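Enquirer:
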Amino acid sequence: MSKREQWSSKTGFILAAAGSAVGLGNIWKFPYIAGENGGAAFLFIYLICILAIGLPILNIEILLGRETQKNPVGAFKKIHGDSNWKYVGALGVFASFTILSFYSIVGGWSVAYTVEALKGTFASFPDPEVAGEFFNLKNSNPYWVLGYHTLFFLSIIGIILSGVKGGLEKASKFLMPILLFILFALVVNGLMLPDSDKGMEFLFSPDWSKINPSTFLLALGHAFFTLSLGMGAMMTYGSYLSDNDDIVNASYMVAFLDTIIAILAGVAIFTVVFSSGYDPTAGPGLVFHVLPPLLSQLPGGYIFAFLFFLLLTIAAVTSGISILEVSVAYLVDELKFSRKKATMIMGVLVYLAAIPCALSFNLLSDVTLPIQGKAFTFFDVADFLASNILLPLGGFFLAIFAGYVWGIDSTVKALLKGDSGSLYFGNSILESPTSKMIFGFLIKYLSPVLIFLVFLYQFGWI
Ligand code: TRP
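Okay, so the sequence shown: first residue is 563 according to our numbering, each after it adds one.
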């Protein structure tokens, strides 16, 4: 059997993992929920969620991958034999299908809008309303949605086919600096606009009256999605690490990059929205209706509109590859397929699974399921199922596994293997009995309880 591929460097892994974490969640979701839910007050709670729950779980996910050198199904099998725990891994493989089936549609939109920006289409939009009509008109054409989805998908498959070093790592090393550079340019542009302070106020002025228990659950749910936790993506990336790698430090870096990029995206977006006197919205509305006309009306707007959609595309590609890699690693490890064969098979399967999502905006727009009193299309169902059910469930089981089955002692011992004793807090943070106790408390008690509450909350049960 050929040797398992590994990242060529520490930076390579950090950039790939940060590439997975930094995605559509950072750019179209985080800024809006932060602004709507109390600005700096939300940010404060969000940071607590990242530190107290996101980081420990991130460590554990990467660690399980490194310890077992396997995909999620194989990882649980290797540590716990052929028990029911492998189904938690299988849940991850299933989630990778579900997430990618809607994520890659949005990725396709990002590619399409990069092309439209290049064509200069947005300059003729007087306001977001017209831009919204354009978006709906384009989406009413199934060939348009499917075509760009295919393009996006092929780029992901191409990267995965090229392997861990030559594909995942190389793409992330190339794309992440570009992403940072573009974001920086957009932030500077935004801050120089008149009235940019109104956007900053929306994002940062603390409004503690907006904080209630559900804000906490919202923040935690998002912390999960944004760090790519709960479905084995980080586990799979971790499986390409060696025992010499310092997981604790890498996790800090990934969480730091992810958070700072989400905040910067907020600055880049809301300075533009507020300086044009518009109201902020979330999701597709914000990115595909509001921003194209507003960006292109700025001085240098042609280039900024193009840069923004390129940023979105890069963020979506580097996340998309981490999602598909879970399924591919599963076939490679468990069924001993070659990477090429595994990529082709999973690529086709996930591509087919995404077709109903692509048709949710046209041919199948009337096929809906009533969920929480709303009519959900295939696209909505995939999003709901993955983000609200599969990920929290995966995170919950992960915490239980590390806390009770594998045990905190073994977990911490394994974590300390790659201790570089360096920078930041280092692994050595876990060496003292107190910090080990805190880590144990977070994993055994706080995480499962809170994640379970998020689960109930997302169902509307609390
Ligand atoms: N974290 C990415 C974002 O914020 C999305 C993502 C990539 C993801 N891989 C994942 C989410 C795995 C959950 C699980 O857009």
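Backbone N, C-alpha and C define an ideal beta-carbon position, used for all residues, glycine too. Nothing here was measured: the structure is a model prediction, and the numbers come from that model.
Along the chain, where does the beta strand (DSSP E) that runs through A937 open and close?
Expert: Here residue 937 is taken as the residue at index 375 of the sequence shown, counted from 1. Element bounds for A937: 936 to 938.
Enquirer: Which class does L1012 belong to by DSSP, given the choice of helix, strand or coil?
Expert: Taking the first residue of the sequence shown as position 1, residue 1012 is located at position 450. It is helical.
Enquirer: Mind checking which residues open and close the alpha helix (DSSP H) that includes L713?
Expert: Residue 713 sits at position 151 when you count from the first residue of the sequence shown. Run containing L713: 704 to 723, per the alpha helix (DSSP H) assignment.
Enquirer: Assuming M738 and L625 are in contact, meaning their beta carbons sit under 8 Å apart, how far apart are those beta carbons, in whole angstroms?
Expert: As a working mapping, residue 738 is identified with position 176 in the sequence shown. As a working mapping, residue 625 is identified with position 63 in the sequence shown. The pair is not a contact, with the Cβ atoms about 23 Å apart (cut-off 8 Å).
Enquirer: Can you tell me whether Y954 is helix, strand or coil according to DSSP?
Expert: Taking the sequence shown and counting its residues from 1, the one referred to as residue 954 is at position 392. Checking the sequence shown, residue 954 turns out to be Pro, not Tyr. In the structure shown, P954 sits in a helix (DSSP, three-state: H, G or I).
Enquirer: Are the CB atoms of L819 and V584 nearer to each other than 8 Å?
Expert: If you number the sequence shown from 1, residue 819 lands on position 257. If you number the sequence shown from 1, residue 584 lands on position 22. Yes, the pair counts as a contact, with Cβ atoms nearer than the cut-off.
Enquirer: Count the other C-beta atoms from every protein chain shown that fall within 10 angstroms of the C-beta of S776, then say buried if there are 16 or more, exposed otherwise.
Expert: For the purposes of this step, residue 776 is identified with residue 214 of the sequence shown, where counting begins at 1. By the neighbour-count rule (16 or more Cβ atoms within 10 Å), S776 is not buried but exposed.
Enquirer: Tell me, which residues are paired with P932 by DSSP?
Expert: Numbered from 1 along the sequence shown, position 370 holds the residue referred to as residue 932. Beta-bridge pairing links P932 to A937.
Enquirer: If distances are taken between C-alpha atoms only, which option among G601, P593, W590, I595 comes closest to S771?
Expert: Here residue 771 corresponds to residue number 209 of the sequence shown, with the count starting at 1. Of the listed residues, the one whose Cα sits closest to S771 is G601.
Enquirer: Given a cut-off of 8 Å, decide if A614 and L953 are closer than it, judged by their beta-carbon atoms.
Expert: Indexing the sequence shown from 1 puts residue 953 at position 391. Indexing the sequence shown from 1 puts residue 614 at position 52. For L953 and A614, no; Cβs fall outside 8 Å.
Enquirer: Round the Cβ separation of Y799 and E567 to the nearest angstrom and send it over; I've been treating them as touching at under 8 Å.
Expert: Working through the sequence shown from its first residue, we reach residue 799 at position 237. Working through the sequence shown from its first residue, we reach residue 567 at position 5. No, Y799 and E567 are not in contact; Cβ-Cβ is about 12 Å, not under 8 Å.
Enquirer: Using a Cβ-based criterion (distance less than 7 Å to any ligand heavy atom), does I661 qualify as near the ligand MN?
Expert: Absence of the ligand MN from the depicted structure is noted, with the ligand TRP being the only ligands included.
Enquirer: Going by beta-carbon coordinates alone, are V810 and N588 separated by less than 8 Å?
Expert: Position 248 of the sequence shown, counted from the start, is the residue given in the question as residue 810. Position 26 of the sequence shown, counted from the start, is the residue given in the question as residue 588. Not a contact, by the Cβ cut-off of 8 Å.
Enquirer: Are the segment 658 to 674 and the segment 829 to 839 touching, with three or more C-beta to C-beta distances below 8 Å?
Expert: No, they do not touch.
Enquirer: Under the three-state reduction of DSSP, which class applies to F868: helix, strand or coil?
Expert: As a working note, residue 868 is residue 306 in the sequence shown. It is helical.
Enquirer: Under 8 Å between the Cβ atoms of S672 and T875?
Expert: Taking the first residue of the sequence shown as position 1, residue 672 is located at position 110. Taking the first residue of the sequence shown as position 1, residue 875 is located at position 313. In this structure, T875 lies closer than 8 Å to S672 by Cβ.
Enquirer: Report the three-state DSSP secondary structure of G682 (helix, strand or coil).
Expert: One-based indexing of the sequence shown puts residue 682 at position 120. Reduced to three states, the DSSP call for G682 is coil.
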